[in-house]
Each structure stands twice: as C-alpha cells, then as structure tokens.
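J.: Going from the sequence shown to this note's numbering is simple: count from 1 and add 10.
My questions will all concern the structure given below.
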Amino acid sequence: MNLLIDQWIPVRPLESGGAVKISLRELLCGDGAWVLCLPRDDMELAAMQLLICITQAIFTPKDGKELMTRIARPITVEEYESSIRSFADWFCVDHPKQPFMQVRGVKADKPTPMDKLLAGVTGATNSCFVNQAGLADGLCGGCAAIVLFNQASCAPSFGGGFKAGLRGSAPITTLAQGDHLRRTVWLNLLHDEELVSNFPWHRDTAQQKPTWIEPLKAGETIPVQRIGVVRGLLWQPAHIELLPPVAAETCSCCGCHTDKAYVAFNKAKFSYTVSGTWPHPHSPRIMTSKKGEIEEKFASFTTSAPAWTQLSRFIVQQQIDNTNTGGQQPAAVIMQARKILPAQLQKFHLLIGGYRNNQASVLERRHEVFTLNHGWDKHSGVIGELVTLGRGYREALYKGISVFVGGIKSDKTVKGAGVKINQAAEAQFYRRSEPTIEDTLARIDFADPAPELARMRTSLKEVVADLFAEATRPYLNDPQLIKTLAVAKLALKKHLNNLEPQINAGGDNGTAEIP
C-alpha cells in the first residue's frame with residue numbers, strides 16, 4: 011500500500027453518494043468535490059492532517075501567489091508524477107525495510123490489538139457507548155496509515171513511559187476549512203516564504219527525511235532547531251511495527267473492500283529528548299512568563315468547557331510585554347490564511363479538533379467548525395470581547411447559584427440549600443448558549459459589533475434566567491430557603507448588571523427580571 015499511488019482515501023461526493031476510495035493523485039489532479047467519509051470525526055481530522063502533511067512534504071508552493079493558484083485549480087497529472095518520484099519509498103505502509111511511520115524488527119512480549127491505535131476505542135469507562143462495535147477488528151492499509159499518524163501526532167501516548175508527539179499528549183488542532191477536500195488541503199499548506207518565517211532553520215533542514223527513513227538515535231537530545239518541517243510534521247515518537255496482514259473482505263473502519271487487513275502490531279518504548287518547543291503549524295501555542303523565563307506549550311482541552319471559550323487563543327496573537335504576563339500564538343496556517351485569503355471572502359470556516367484526556371485515557375473527542383463573518387481578520391479583538399462576554403454570563407449564573415447553594419456565612423438567616431447544583435447548571439449553560447455564540451460569530455459585523463453583541467446579551471440573559479429558575483425550582487417548597495432564593499436573585503442580577511455596556515447616568519440598562 012503506497013499512499014502516493016494507491017486508492018486509500020475514503021471519501022464521498024460533496025453533494026450526495028456513497029463512500030469510495032480515491033488516490034492522492036485523483037484528489038489533487040481531479041476536479042471532483044469530495045469530503046472525507048470515516049466513522050469517527052477524529053479519524054477524519056487525522057486523515058485530513060495526514061493529507062496536508064504529505065502534500066506539504068512534496069508540493070510546497072514557493073509563495074502566496076502560487077498557493078492561491080493551487081487552491082483555485084487542480085495540478086496536472088504530469089506535475090504530480092514528476093514531483094513524487096523522489097518520495098517513492100517514503101509512504102509505503104508495507105515496505106520491507108522502511109514502512110510508513112514504523113520500524114522493522116520491533117520486539118515485544120506479545121502483539122497489541124489494533125484498537126490501541128484508535129484513540130479512545132478502549133481504556134475509558136464510556137468507550138463502548140461512543141464507538142462502533144468491532145471498529146478495529148481489521149484495518150485496511152489506508153486506515154492503518156491514518157491511525158498510525160493520529161497516534162503519533164494527535165492522540166495521547168500509549169502511557170507507561172511511551173513518548174508523546176512533538177505537540178504533547180493531546181494538542182488542539184486548528185485548520186482552515188475549504189468548500190471541499192482538495193481546497194482544504196491546500197488552504198493548510200504553508201508556502202515557502204511562510205515556512206522560513208516560522209522556521210528560521212528551514213533552509214538548513216529542508217532535505218531532512220522522516221524518522222522511519224532516518225531513525226532517531228536512542229538517548230539523544232535533539233534541539234528543535236535540528237528538526238525540519240517535513241520531519242516534524244511526520245514525527246513518529248514510538249517504535250511500532252504492524253504485523254503481517256490477514257486475508258479479509260472488508261475494512262472494519264472505513265467499510266470499504268480490502269483483500270487484507272491489519273489486526274495487530276508490536277510496540278516498544280524508545281527514549282530520546284527534544285529540547286524546546288517545535289512550532290507545529292497546525293496548533294495554537296500558549297506562552298507564560300515565570301521568573302523571567304518564558305514557558306511555551308500547545309493549547310489543549312483540559313476541561314469540559316466548549317471550544318468557543320478558547321476561541322481568542324485560536325485567532326488572536328498576543329505578545330508577552332509589560333502589560334501581559336501571558337501570550338498566545340495562533341497556528342501558522344491560520345495566521346497565513348489571514349494574509350492570503352481574498353478580502354471579498356464573506357465567511358471563514360475554522361476547523362477545531364482534539365481530545366480531552368487523563369494521561370493515556372481519552373475522556374472526550376472534540377470536533378467543531380466555527381463560521382467567522384467577513385472582517386474577522388482585521389478586527390480579531392472583537393472575538394476576544396465576545397468570548398469574554400460569553401464566559402461572563404456563565405460566571406454570573408455560577409455565582410448566583412453558588413449563593414443559593416452556600417447561603418451567606420455572615421448572615422445565619424440566609425441558609426444554603428447545600429446541594430451542589432452549580433456544575434449541572436454550568437454544563438447546561440454551555441449546551442444552550444452554544445447556538446447563540448456560533449450564530450453571533452457568523453453574523454456579527456466586526457467593524458460595528460455593538461448591535462450583534464446586544465442581541466447576544468439579550469439571548470444569554472434569557473438562558474441564564476431560565477437555568478437559574480430551573481436549578482432552584484425543586485427547592486421552592488422549603489420555607490427556610492425563601493430568603494436565600496431572594497438573596498441569590500439579587501446576587502445574580504448584580505452580576506448580570508455588571509455585564510451591561512457602560513451607559514449615561516439615568517439610562518435604562520434593560521436588565522431582564524429574574525423569575
């Protein structure tokens with residue numbers, strides 16, 4: 011199975027139709043409008059990133075003009091064939107000496123079933139409820155390549171001393187989404203000038219090969235400046251070897267016909283050290299200043315809060331200076347999109363994905379697409395204001411209910427209900443407010459955000475009022491909580507008033523009454 015030649019990409023037509031497999035040549039040289047077709051959103055995101063990384067390795071555009079041409083129309087078959095000649099042996103899943111993202115001769119006490127390569131299929135208490143039964147029973151060569159890449163680059167490590175990828179255990183991935191698969195791939199390629207800007211050592215490392223072609227040395231310390239773009243994008247932190255496939259008829263993952271399927275692999279620990287943070291172009295980074303030292307890490311999902319609560323990190327660049335002890339750097343592909351996309355583009359679609367994990371165990375899969383209205387690139391500060399406002403209404407609800415739960419310690423007549431209903435109300439706020447946040451992002455005039463932010467305030471106040479009433483209603487029959495409820499309502503109203511825009515003295519701030 012050669013990823014540059016064979017049909018391995020599971021897709022379906024954008025308009026309608028069933029799943030088929032196409033080759034990378036068909037994708038990049040054809041004019042078909044395809045979307046990925048896999049049973050899990052994280053698998054589709056992994057396949058997307060793998061396609062982007064392979065294309066980046068072979069077809070890097072020289073500048074923004076050439077990149078825009080690639081986005082607009084397919085490349086020729088002749089160009090494709092001539093470009094892949096130097097990479098013929100890089101992407102062969104079953105190569106006898108240097109198989110894709112693997113090491114030959116891995117020794118293990120016993121084989122590991124393929125489900126360990128599919129993040130979250132096993133190892134979590136909710137695995138059986140969110141995964142299709144038998145998903146990893148036997149994988150075709152294409153799906154095997156996708157899960158090898160996902161495990162190496164996007165998912166938590168195997169645990170027990172196994173290394174995670176260059177972005178850490180479970181990084182957030184942010185990509186620009188086009189109107190079909192081919193355009194999405196090109197939208198997320200950095201052209202050569204951007205590569206030099208983001209990787210000052212790019213010229214010196216441009217000829218590096220992936221780790222399965224030029225293996226790492228055990229125990230070595232590798233400065234990030236010695237890791238080239240292609241080597242870093244296709245980094246394999248573990249020693250893995252797929253065991254010989256067995257005869258099959260259908261892939262248990264994509265559902266397409268296959269003559270052979272992979273059912274197990276060997277894995278082994280491998281020790282090395284990477285010094286510094288490699289600036290992966292598909293993920294946002296967070297910087298903090300501590301004792302004069304700047305610490306840098308990739309953004310991740312550490313709580314159950316939805317992705318919009320971190321949206322400003324994905325879009326807004328912020329340097330550490332005298333006024334900020336923290337900084338943030340959006341993914342390089344998003345920063346490039348701000349520069350190259352035409353001014354008349356009405357909407358920008360931001361694809362966000364990742365895992366929330368507890369060490370090696372996957373707790374949640376995340377996969378969301380946000381639509382940002384025209385002007386987001388020139389008024390990105392508005393996004394920070396919008397996110398802060400949304401989080402403010404969550405905090406107002408949480409604080410108001412906290413008074414009802416805990417009472418007032420300095421006033422013994424204000425007894426607390428003693429039942430922790432804050433967290434359930436918070437989860438419901440995130441669920442009910444998300445459509446409002448998404449709609450605001452898609453509709454807001456970033457040059458004049460006030461009218462849309464006012465509508466957002468009205469909507470979120472109604473959500474908060476409803477949730478406060480629902481959370482406290484079961485306790486209204488307790489006479490001792492009547493005063494507590496009144497005090498909690500006043501506290502909630504105070505917090506909601508604080509979220510209103512500044513107005514002239516004597517004006518009406520329009521705060522809704524809390525039932």
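Each residue gets a CB set at the ideal place from its N, CA and C atoms; glycine is no exception.
Looking at C-alpha atoms only, which residue of R177, E204 and V240 is the closest neighbour of D73?
T.: That would be E204, whose Cα lies nearest to the Cα of D73.
J.: Would DSSP call N507 helix, strand or coil?
T.: Looking at N507 - three-state DSSP - the assignment turns out to be helix.
J.: Between S314 and the ligand NAD, is the CB less than 7 angstroms from at least one heavy atom?
T.: The model depicted lacks the ligand NAD and carries no ligand whatsoever.
J.: Apply the 10 Å Cβ neighbour rule to D52 and answer buried if 16 or more other Cβ atoms are within range, or exposed otherwise.
T.: D52 should be labelled buried.
J.: By alpha-carbon positions, which one of K388, Q161, G27 and P181 ends up nearest to A341?
T.: When only C-alpha atoms are compared, the closest one is P181.
J.: Are there 16 or more other CB atoms within 10 angstroms of the CB of E305, so buried, or fewer, so exposed?
T.: Exposed, by the Cβ-count rule.
J.: Would you call the CB atoms of G229 and M11 closer than 8 angstroms?
T.: Not closer than 8 angstroms, so no.
J.: Candidates T482, R83 and S443: which alpha carbon is nearest M466's?
T.: Of the candidates T482, R83 and S443, the one whose C-alpha sits nearest the C-alpha of M466 is S443.
J.: Taking C-alpha atoms, which residue in H505, D455 and T482 lies nearest to K494?
T.: One detail in the question is off: residue 494 reads as Thr in this sequence, not Lys. Closest option to T494, Cα to Cα, is T482.
J.: Could you check whether Y403 and L470 sit closer than 8 angstroms to each other, using their CB atoms as the reference points?
T.: It is a contact, given that the beta carbons lie within the stated cut-off.
J.: How is V256 classed by DSSP in three states: helix, strand or coil?
T.: V256 falls in the strand class under three-state DSSP.
J.: Could you give the distance in angstroms between the alpha-carbon of G336 and the alpha-carbon of K300?
T.: Cα-Cα distance, rounded: 9 angstroms.
J.: With DSSP run on the structure shown, which of helix, strand or coil describes M111?
T.: It is coil, neither helix nor strand.
J.: Can you list, in chain order, the residues of its chain with a C-beta nearer than 8 angstroms to that of F159? Leave out the 5 residues immediately preceding and following it.
T.: Taken in chain order, the residues that qualify are A56, Q59, L60, C63, M111 and L244.
J.: Assign I32 to one of three DSSP states: helix, strand, or coil.
T.: Strand, per DSSP.
J.: Using the three-state DSSP reduction, which class does S390 fall into: helix, strand or coil?
T.: Three-state DSSP puts S390 in coil, outside helix and strand.
J.: On the three-state DSSP scale, how would you describe M58?
T.: Residue state, collapsed to three classes: helix.
J.: Measure the alpha-carbon distance for V273 versus C266 and round it to whole angstroms.
T.: So the alpha carbons of these two residues sit roughly 16 angstroms apart.
J.: Find out if the Cβ-Cβ distance for the pair I362, E378 is shorter than 8 angstroms.
T.: Closer than 8 angstroms, so yes.
J.: Do you know offhand how far F311's Cα is from P489's?
T.: Each residue's alpha carbon lies about 42 angstroms from the other.
J.: Nearest to Q17 by alpha carbon, out of L37, I330 and S26?
T.: When only C-alpha atoms are compared, the closest one is L37.
J.: If we cut at 8 angstroms on Cβ distances, does V413 have a partner in chain D?
T.: Note that chain D does not occur in the displayed structure, where there is just one protein chain.
J.: If you draw a straight line from the C-alpha of A464 to the C-alpha of W386, how long is it?
T.: Near 18 angstroms, if we compare the C-alpha coordinates of W386 and A464.
J.: Determine the burial state of C138: buried for a count of at least 16 other Cβ atoms within 10 Å of its Cβ, exposed for fewer.
T.: At C138, the pLDDT of 42 sits below 50, so the modelled position is not reliable; the number obtained from the coordinates is stated separately. It is exposed - the Cβ of C138 has fewer than 16 other Cβ atoms within 10 Å.
J.: Relative to the C-alpha of S92, which candidate in I68, P49, W288 and A479 has its C-alpha closest?
T.: Checked all of I68, P49, W288 and A479; the closest Cα to S92 is I68.
J.: By how many angstroms is the C-alpha of L451 removed from the C-alpha of A162?
T.: A162 and L451: Cα-Cα distance of roughly 33 angstroms.
J.: Give every residue of the same chain whose Cβ lies closer than 8 angstroms to the Cβ of G391, excluding the five residues on either side of it in the sequence, and list them in chain order.
T.: For G391, where only same-chain residues beyond five positions count, the Cβ hits under 8 angstroms are V326.
J.: Between P123 and the rest of its own chain, which residues show a CB-CB distance below 8 angstroms, the 5 nearest in sequence each way excluded?
T.: Excluding positions up to five away in sequence, the list reads A146, V273 and A274.
J.: By DSSP, does Y282 sit in helix, in strand, or in coil?
T.: Y282: coil per DSSP, three-state reduction.
J.: Can you find the residues in the same chain that come closer than 6 angstroms, C-beta to C-beta, to Y440, ignoring five residues on each side of it along the sequence?
T.: Cβ neighbours of Y440 beyond the five flanking positions: P316.
J.: With a threshold of 8 angstroms, are at least 3 pairs of Cβ atoms found where one atom belongs to the region 220-234 and the other to the region 245-260?
T.: With the cut-off at 8 angstroms, the region 220-234 and the region 245-260 touch.
J.: What residue range does the beta strand (DSSP E) around S299 cover?
T.: That run of the beta strand (DSSP E) goes R295 to K300.
J.: When DSSP builds the beta bridges, which residues end up paired with L382?
T.: DSSP, once it has assigned bridges, lists F358 as partnering L382.
J.: Could you give the residue range of the alpha helix (DSSP H) that holds A460?
T.: That run of the alpha helix (DSSP H) goes A460 to T482.
J.: Give every residue of the same chain whose Cβ lies closer than 6 angstroms to the Cβ of V234, excluding the five residues on either side of it in the sequence, and list them in chain order.
T.: Once the five neighbours on either side are set aside, the close Cβ partners of V234 are G286 and W288.
J.: Mind listing, in chain order, the continuous alpha helix (DSSP H) runs of no fewer than 4 residues lying wholly within the region 160-218?
T.: Here the runs fully enclosed are 191-197, 202-208 and 212-215.
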